[in-house]
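Engineer: Residue numbers (this note's numbering): 3 to 490.
Attaching a single structure in structure tokens format; questions to follow.
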Amino acid sequence: MEVRTLQPEASYGTNRRTCRMMEKSSRIAELFEREDQFLGKTVTVQGWVRTRRDSKAEISFVEINDGSCLRNLQVIVELSRPELTRHLDPVTNGCSLCVKGVLQTSPGKGQNIELHADQLKIYGLSDPALYPLQKKRHSFEFLRKIGHLRPRTNTIGAVTRVRSRLSYAVHQFFQERGFCYIHTPIITASDCEGAGETFRVTTLDPGHPVVEGQADDPFRDDFFGKAAYLTVSGQLQAEIYALALGRVYTFGPTFRAENSNTSRHLAEFWMVEPEMAFSDLEDDLAMAECLVKRLIEVVLSQCREDLAFFVRFIDPDLEKRLERVVETAFEIITYTEAVRLLKHSGEDFAYPVEWGNDLQAEHERYLTEKVFRKPAAVIDFPRSLKPFYMRVNDDGDTVAAMDILVPGIGEIVGGSQREERLDLLLEQMRLKGISPDDYSWYVELRQFGSVPHAGFGLGLERFLQFVTGLPNIREVIPFPRSPGHAQF
RNA sequence: UCCCCGGUAGCUCAAUCGGCAGAGCGGGUGGCUGUUAACCACUAGGUUGGCGGUUCGAGUCCGUCCCGGGGAGCCA
Numbered sequence: 003m004e005v006r007t008l009q010p011e012a013s014y015g016t017n018r019r020t021c022r023m024m025e026k027s028s029r030i031a032e033l034f035e036r037e038d039q040f041l042g043k044t045v046t047v048q049g050w051v052r053t054r055r056d057s058k059a060e061i062s063f064v065e066i067n068d069g070s071c072l073r074n075l076q077v078i079v080e081l082s083r084p085e086l087t088r089h090l091d092p093v094t095n096g097c098s099l100c101v102k103g104v105l106q107t108s109p110g111k112g113q114n115i116e117l118h119a120d121q122l123k124i125y126g127l128s129d130p131a132l133y134p135l136q137k138k139r140h141s142f143e144f145l146r147k148i149g150h151l152r153p154r155t156n157t158i159g160a161v162t163r164v165r166s167r168l169s170y171a172v173h174q175f176f177q178e179r180g181f182c183y184i185h186t187p188i189i190t191a192s193d194c195e196g197a198g199e200t201f202r203v204t205t206l207d208p209g210h211p212v213v214e215g216q217a218d219d220p221f222r223d224d225f226f227g228k229a230a231y232l233t234v235s236g237q238l239q240a241e242i243y244a245l246a247l248g249r250v251y252t253f254g255p256t257f258r259a260e261n262s263n264t265s266r267h268l269a270e271f272w273m274v275e276p277e278m279a280f281s282d283l284e285d286d287l288a289m290a291e292c293l294v295k296r297l298i299e300v301v302l303s304q305c306r307e308d309l310a311f312f313v314r315f316i317d318p319d320l321e322k323r324l325e326r327v328v329e330t331a332f333e334i335i336t337y338t339e340a341v342r343l344l345k346h347s348g349e350d351f352a353y354p355v356e357w358g359n360d361l362q363a364e365h366e367r368y369l370t371e372k373v374f375r376k377p378a379a380v381i382d383f384p385r386s387l388k389p390f391y392m393r394v395n396d397d398g399d400t401v402a403a404m405d406i407l408v409p410g411i412g413e414i415v416g417g418s419q420r421e422e423r424l425d426l427l428l429e430q431m432r433l434k435g436i437s438p439d440d441y442s443w444y445v446e447l448r449q450f451g452s453v454p455h456a457g458f459g460l461g462l463e464r465f466l467q468f469v470t471g472l473p474n475i476r477e478v479i480p481f482p483r484s485p486g487h488a489q490f
């Protein structure tokens with residue numbers, strides 16, 4: 003008897019091709035999850051060969067991975083059956099194939115079940131002399147060069163599944179709390195938001211960017227009639243919707259043209275940015291802590307197999323560290339207290355600690371890794387260090403900002419209560435040299451029904467680094483973009 | 001952008017003081033085995049990143065350029 007699995011579209015009678023395919027084959031993850039239900043039944047799997055071991059005792063072991071989970075399914079091919087071996091002969095690491103057979107308990111060690119092949123179909127061969135992926139460990143640097151093949155490795159496959167599950171969890175978290183998902187623009191004309199260098203968007207001929215006689219505004223004849231850029235943040239636009247729908251969030255790509263080449267920076271990365279009306283910094287902080295903990299819980303409970311892989315091969319302390327983050331309250335410390343603490347630490351920092359200076363990486367690391375040994379939120383930064391939109395505190399010297407720092411990564415969340423008072427916003431803009439004319443819409447939000455509101459940004463890739471233990475951010479995004487790198 | 005380290009076989013790396021270019025894995029061939037990154041034997045595979053210099057002799061020393069990695073800054 004043949005067991006058929008998932009056929010979500012079948013009842014609609016549409017898209018027949020997809021339906022037939024999904025009826026015909028099982029995903030390997032499903033076979034492992036419901037072993038008892040599939041044992042003794044005929045199933046079909048489709049995937050890519052990860053390894054093959056031939057035994058002259060009339061058996062070939064072919065391990066198949068279909069990306070649905072970390073584990074491979076061991077397929078048993080009896081070499082005494084010419085109708086199978088005829089197909090099997092050229093099968094090597096990297097080949098794609100379809101196997102139909104009976105799922106049985108495995109007598110060998112290392113797996114409970116195995117598939118005894120009755121039919122074998124090869125989709126695509128893979129020349130073993132040319133296929134770059136070997137069964138042994140490759141350097142991440144090498145895998146980046148073969149970005150079109152690296153998702154077929156255990157590590158990149160695992161991180162990709164975790165990334166997907168986390169993205170889903172982000173939506174679940176906010177949707178369950180009444181947040182509205184806002185698609186803020188990728189292209190923006192707001193050039194400076196205090197968030198780094200921007201990429202210009204233009205249709206002008208790079209050989210002749212300036213139209214004759216219009217040197218005063220070279221972008222007047224550009225596509226948008228003025229200078230345009232890729233967004234560095236959806237926050238300002240999210241504020242617009244927060245001041246109408248109450249609770250909103252954006253979740254999309256952002257772009258920074260910084261010439262920074264580090265293991266924690268990308269030119270294109272994904273950011274989660276909630277914005278909440280009728281909220282202050284305390285609400286903001288609570289929501290951020292709640293989100294971080296919920297996302298980690300999801301990884302701990304929903305990505306067990308992939309997480310175990312990271313613990314085994316990337317960072318042995320990873321799971322314990324994640325559990326600790328969920329269990330303990332985040333430390334909250336004001337910038338002023340942090341400075342005092344650092345000054346009296348007795349540590350010999352390369353950068354001097356002085357009120358008014360930004361906290362350096364070494365300072366942040368000292369706080370989270372030595373002093374607190376858990377995530378810590380630093381709040382109330384000097385006004386001069388932060389952008390114009392942050393709310394000025396009553397002391398007049400600091401703003402209601404927060405940075406959540408985690409051990410090993412550094413800043414993972416940055417947020418603030420926004421300045422909702424018109425006069426103070428205008429004063430901030432004047433001090434920061436930002437023309438209110440360029441942000442008239444932002445200013446008007448404070449003229450018409452302004453309310454206290456707050457929000458934050460969480461870098462998806464930084465977060466993925468934290469939950470996978472991967473040291474380089476280029477491994478946690480499918481196609482990393484950094485200075486000099488935009489392949490694939 | 002700055003500092004440090006690196007570039008040797010398809011991959012991961014070794015090569016002592018400047019003295020014959022190596023290993024493991026992968027590939028090919030043969031053997032062995034309900035195998036588990038299988039195992040054993042044999043075998044093919046090199047412009048040592050490019051250019052220039054020092055030297056009897058350069059993978060090794062010097063200059064320069066290119067590329068990569070790590071760290072810093074900036075930030076998420």
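Every residue gets a Cβ at the ideal spot worked out from N, C-alpha and C, and that includes glycine.
Given the structure is predicted, the values throughout are model-derived calculations rather than measurements.
DSSP three-state label for H346, please.
Structural biologist: Translated into positions along the first sequence, residue 346 becomes position 344. Of the three classes helix, strand and coil, the one that applies to H346 here is coil, per DSSP.
Engineer: Could you tell me which whole alpha helix (DSSP H) segments of length 4 or greater appear in the region 48-123?
Structural biologist: Here the runs fully enclosed are 84-90.
Engineer: Using the Cβ count rule (16 or more neighbours within 10 Å means buried), how would you classify W443?
Structural biologist: Here residue 443 refers to the residue found at position 441 when the first sequence is read from its first residue. When all chains shown are included, W443 counts as exposed.
Engineer: A191 by DSSP, collapsed to three states: which one?
Structural biologist: As a working note, residue 191 is residue 189 in the first sequence. Here A191 sits in coil by DSSP.
Engineer: Count the C-beta pairs between the region 268-285 and the region 452-459 that are closer than 8 Å, then say yes if the count reaches three, no if not.
Structural biologist: Touching, per the Cβ criterion.
Engineer: Is it right to say E422 is buried, meaning 16 or more other beta carbons lie within 10 angstroms of its own, or is it exposed?
Structural biologist: Residue numbering aside, residue 422 sits at position 420 when the first sequence is read from its first letter. E422 should be labelled buried.
Engineer: How big is the Cα-Cα spacing for A246 and F280?
Structural biologist: Mapped onto the first sequence, residue 246 falls at position 244. Mapped onto the first sequence, residue 280 falls at position 278. Roughly 11 Å separates the two Cα atoms.
Engineer: Can you round the beta-carbon distance between N74 and E65 to whole angstroms, since I take them to be within the 8 Å contact cut?
Structural biologist: Sequence index remark: in the first sequence, residue 74 carries index 72 (1-based). Sequence index remark: in the first sequence, residue 65 carries index 63 (1-based). Correct: roughly 4 Å between the Cβ atoms.
Engineer: Alpha carbons only, please: which of T252, D399, T200 and S141 is nearest the one belonging to A230?
Structural biologist: Residue 230 sits at position 228 when you count from the first residue of the first sequence. The option with the nearest alpha carbon to A230 is T200.
Engineer: What's the gap between the Cα of Q76 and the Cα of R154?
Structural biologist: Taking the first residue of the first sequence as position 1, residue 76 is located at position 74. Taking the first residue of the first sequence as position 1, residue 154 is located at position 152. Distance between the alpha carbons of Q76 and R154: 17 Å.
Engineer: R483 by DSSP, collapsed to three states: which one?
Structural biologist: Here residue 483 refers to the residue found at position 481 when the first sequence is read from its first residue. Of the three classes helix, strand and coil, the one that applies to R483 here is coil, per DSSP.
Engineer: Going by the CB atoms, is the gap between A269 and P485 shorter than 8 Å?
Structural biologist: As a working note, residue 485 is residue 483 in the first sequence. As a working note, residue 269 is residue 267 in the first sequence. Yes.
Engineer: From which residue to which residue does the beta strand (DSSP E) around W272 run?
Structural biologist: The residue given as residue 272 occupies position 270 in the first sequence. E270 to A279 is the span of the beta strand (DSSP E), which, as asked, contains W272.
Engineer: Would you give the residue range spanned by the alpha helix (DSSP H) that L427 belongs to?
Structural biologist: Reading the first sequence from its first residue, position 425 is the one you call residue 427. Note, L427: alpha helix (DSSP H), L424 to K434.
Engineer: For R483, which residues in the same chain have their Cβ closer than 7 Å to its Cβ, ignoring the five residues on either side in sequence?
Structural biologist: Here residue 483 corresponds to residue number 481 of the first sequence, with the count starting at 1. The residues are L268, A269 and E270.
Engineer: For Y441, does the three-state DSSP call read helix, strand or coil?
Structural biologist: Here residue 441 refers to the residue found at position 439 when the first sequence is read from its first residue. In the structure shown, Y441 sits in a helix (DSSP, three-state: H, G or I).
Engineer: On a CA-only basis, which of Q136, T157 and E413 is nearest F468? Give me that one, please.
Structural biologist: Position 466 of the first sequence, counting from 1, holds the residue named residue 468. That would be E413, whose Cα lies nearest to the Cα of F468.
Engineer: Run through DSSP, which three-state label would Q419 get?
Structural biologist: The residue labelled residue 419 in the question sits at position 417 within the first sequence. Q419 falls in the strand class under three-state DSSP.
Engineer: Could you tell me the alpha carbon to alpha carbon distance between L447 and I242, rounded to whole angstroms?
Structural biologist: Numbered from its first residue, the first sequence carries residue 447 at position 445. Numbered from its first residue, the first sequence carries residue 242 at position 240. Roughly 7 Å separates the two Cα atoms.
Engineer: Pick out whichever of I436, S57 and V300 has its Cα sitting closest to the Cα of V328.
Structural biologist: The residue you call residue 328 lines up with position 326 of the first sequence. When only C-alpha atoms are compared, the closest one is V300.
Engineer: Tell me which same chain residues have a C-beta within less than 7 Å of the C-beta of N114, skipping the five on either side of it?
Structural biologist: Taking the first sequence and counting its residues from 1, the one referred to as residue 114 is at position 112. The residues are E37, T107 and S108.
Engineer: Considering only the alpha carbon of each residue, which of S169, R29 and F315 lies closest to L293?
Structural biologist: By one-based count along the first sequence, residue 293 stands at place 291. Cα-wise, what sits closest to L293 is S169.
Engineer: Look up Y506 in the DSSP assignment and say whether it is helix, strand or coil.
Structural biologist: With the chain covering only 3 through 490, there is no way to say anything about residue 506.
Engineer: Taking the beta carbon of T264 as the centre, do at least 16 other beta carbons fall within 10 Å, making it buried, or is it exposed?
Structural biologist: The sequence position of residue 264 within the first sequence is 262, counting from 1. Result: exposed.
Engineer: Compute the Euclidean distance between the alpha carbons of G126 and R29, then round it to the nearest angstrom.
Structural biologist: On the first sequence, residue 126 is found 124 positions in, with the first residue counted as 1. On the first sequence, residue 29 is found 27 positions in, with the first residue counted as 1. For G126 and R29, the distance between alpha carbons rounds to 19 Å.
Engineer: Would you mind sorting P2 into buried or exposed? The rule is 16 or more other CB atoms within 10 Å of its CB.
Structural biologist: In this structure the chain extends from 3 to 490, so residue 2 is not present and cannot be described.
Engineer: Just list the residues that DSSP pairs G412 with in beta bridges.
Structural biologist: Taking the first sequence and counting its residues from 1, one reaches residue 412 at position 410. Paired residues: V408.
Engineer: Sorted by chain position, which residues of the same chain lie with C-beta nearer than 8 Å to E463's C-beta, five sequence neighbours on each side aside?
Structural biologist: In the first sequence, the residue the question calls residue 463 occupies position 461. For E463, where only same-chain residues beyond five positions count, the Cβ hits under 8 Å are L268, F271, W272, I475, V478 and I479.
Engineer: Just to confirm my understanding: we take E260, look at its own chain, exclude 5 residues before and 5 after, and list those with CB closer than 6 Å. What are they?
Structural biologist: One-based indexing of the first sequence puts residue 260 at position 258. Cβ neighbours of E260 beyond the five flanking positions: G198 and E199.
Engineer: Excluding five sequence neighbours on each side, which residues of the same chain lie with their C-beta closer than 6 Å to the C-beta of T87?
Structural biologist: Numbered from its first residue, the first sequence carries residue 87 at position 85. Here the set comprises L81.
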